[in-house]
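J.: Residue numbers (the working numbering): 580 to 927. Don't be surprised by glycine CBs; every beta carbon is placed ideally from N, CA and C.
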Amino acid sequence: MQLRKLSNGLKAAYRGRDVAHRVQRFNGWSDRISGPNADGAGYNHSETVREYYDLCGEFMVFSWGESLHFAPLSPQESLEESKIRHQRLMMAKLELRQGMTVIDVGCGIGGPMRRVVREAGVRVVGVNNNEMQLDKAKALNAEAGLDHMVDYLACSFMDMGAIADDTFDRGYAIESTCHAPDKAGAFAEIYRVLKPGSLFWGQEMCMTEKFDTDDSRHQAIKRDLMQGIVLKDIATTAEVNRTLEAVGFQVVEGADLGVASDDGTTPWYQPMETRGRTVVNAFYRTPLGRKAFIGASRLAGTLGLFPKGSAEVVRLLNETANAYVAGGKAGIFTPLYCFLVRKPSTGR
580 MQLRKLSNGL KAAYRGRDVA HRVQRFNGWS DRISGPNADG AGYNHSETVR EYYDLCGEFM
640 VFSWGESLHF APLSPQESLE ESKIRHQRLM MAKLELRQGM TVIDVGCGIG GPMRRVVREA
700 GVRVVGVNNN EMQLDKAKAL NAEAGLDHMV DYLACSFMDM GAIADDTFDR GYAIESTCHA
760 PDKAGAFAEI YRVLKPGSLF WGQEMCMTEK FDTDDSRHQA IKRDLMQGIV LKDIATTAEV
820 NRTLEAVGFQ VVEGADLGVA SDDGTTPWYQ PMETRGRTVV NAFYRTPLGR KAFIGASRLA
880 GTLGLFPKGS AEVVRLLNET ANAYVAGGKA GIFTPLYCFL VRKPSTGR
């Protein structure tokens, strides 16, 4: 049933286009912006990010679920349970109250959005420049009976000109602003659309204080992460805070929630190494499962069950997973730098 759903989703997403050629072009994105033959003047990073999710989105949902984000893990929980706990932490930090209007910046297919609407009773506006993801969010919200509580805006969060200043009571961005071509510009635009006094919660992918710019292995891992996750750069946690403050936000708190401790916390990258407590599709996240799925996807392409070239997308995701694990094990990368900031009640 799930494989049939994946097959249908891939065929709709790829629309008969040459998948292998699209992957090949995607893999060259970093050279187009910074290589010796770079054409950076005509390069649009938002377009590259959109292509990444067009290519990988169906496989990501298949193996990771509707909430496409990392979460602090516990050995007593499945990945899905940990993501729910993490979303509820965000909701508590934002002090959501029924009747508020909230912006979901880079909403993906709306996994966290549906929990926010269902449990907090707030109205949400989902912003996303990927119309395929927005269409899927709309369908899933309607299926959940929540579509009357959600509005959608198809645009880049770098330019939300359709939204007036001082519109939202609260906001959040979960692993989305890390894709921004200009982090200061993204934070400034979010600042603009929030009401004075509003809280904003974000989850960023960052290099940690253990990252050594003089360590060639560290630099290689960072390059692999940037390539595979479509990040023009990866800021440190301190740089994120400075950028937030530079656009006017007051930083209430910020912490790397991915740090494993002696109290039994599970490393954030564990689902990409072992199955853990999760049963559904967890095998496909493991190294052996990913390799097996590359071969299975190639066979499915030959048989017409998947679009031809789908195996190259799985290969791309496998390489990205390897980079995640390498960065996590080295302690130099986290996808779980979480911050809470406030737009001042007065001032600029």
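So what's Asp744 in DSSP terms, helix, strand or just coil?
T.: Residue state, collapsed to three classes: coil.
J.: With three or more C-beta pairs closer than 8 Å as the rule, is the region 643 to 663 touching the region 593 to 608?
T.: Not touching, per the Cβ criterion.
J.: Among Val772, Thr756 and Leu773, which one has its Cα closest to the Cα of Ala765?
T.: It is Thr756 whose Cα lies nearest to the Cα of Ala765.
J.: Where do the ends of the beta strand (DSSP E) carrying Phe912 lie?
T.: First-last of the beta strand (DSSP E) with Phe912: Phe912 to Arg921.
J.: Give the secondary structure of Met580 by DSSP, where H, G and I count as helix, E and B as strand, and everything else as coil.
T.: If DSSP states are grouped into helix, strand and coil, Met580 belongs with coil.
J.: From which residue to which residue does the beta strand (DSSP E) around Asp610 run?
T.: No beta strand (DSSP E) holds Asp610; the alpha helix (DSSP H) holding it covers Trp608 to Ser613.
J.: Between Ala671 and Ser661, is the Cβ-Cβ spacing less than 7 Å?
T.: No; because the gap between Cβ atoms is not below 7 Å, this pair is not in contact.
J.: Does the region 723 to 732 come close enough to the region 690 to 708 that 3 or more CB-CB pairs lie under 8 Å?
T.: Contact holds: three or more Cβ-Cβ distances are below 8 Å.
J.: Considering just the uninterrupted stretch of the alpha helix (DSSP H) at Gln677, what are its terminal residues?
T.: Where Gln677 is concerned, there is no enclosing alpha helix (DSSP H), given that its DSSP letter is neither H nor E.
J.: Using three-state DSSP, classify Thr815 as helix, strand or coil.
T.: Residue state, collapsed to three classes: strand.
J.: Name the two residues that bound the continuous alpha helix (DSSP H) containing Leu928.
T.: The chain is shown from 580 up to 927; residue 928 falls before or after that span and cannot be answered.
J.: With a CB to CB cut of under 7 Å and the five nearest residues on each side skipped, what residues in its chain are close to Ile911?
T.: Only Met786, Thr787, Lys789, Phe790, His797 and Ile800 meet the Cβ criterion.
J.: Answer yes if the region 736 to 752 comes into contact with the region 768 to 781, meaning at least three C-beta pairs across the two stretches below 8 Å, and no otherwise.
T.: These segments touch.
J.: Is there contact here, the region 810 to 825 with the region 906 to 920, by at least three beta-carbon pairs under 8 Å?
T.: Judged by Cβ distances under 8 Å, the region 810 to 825 makes contact with the region 906 to 920, as three or more pairs qualify.
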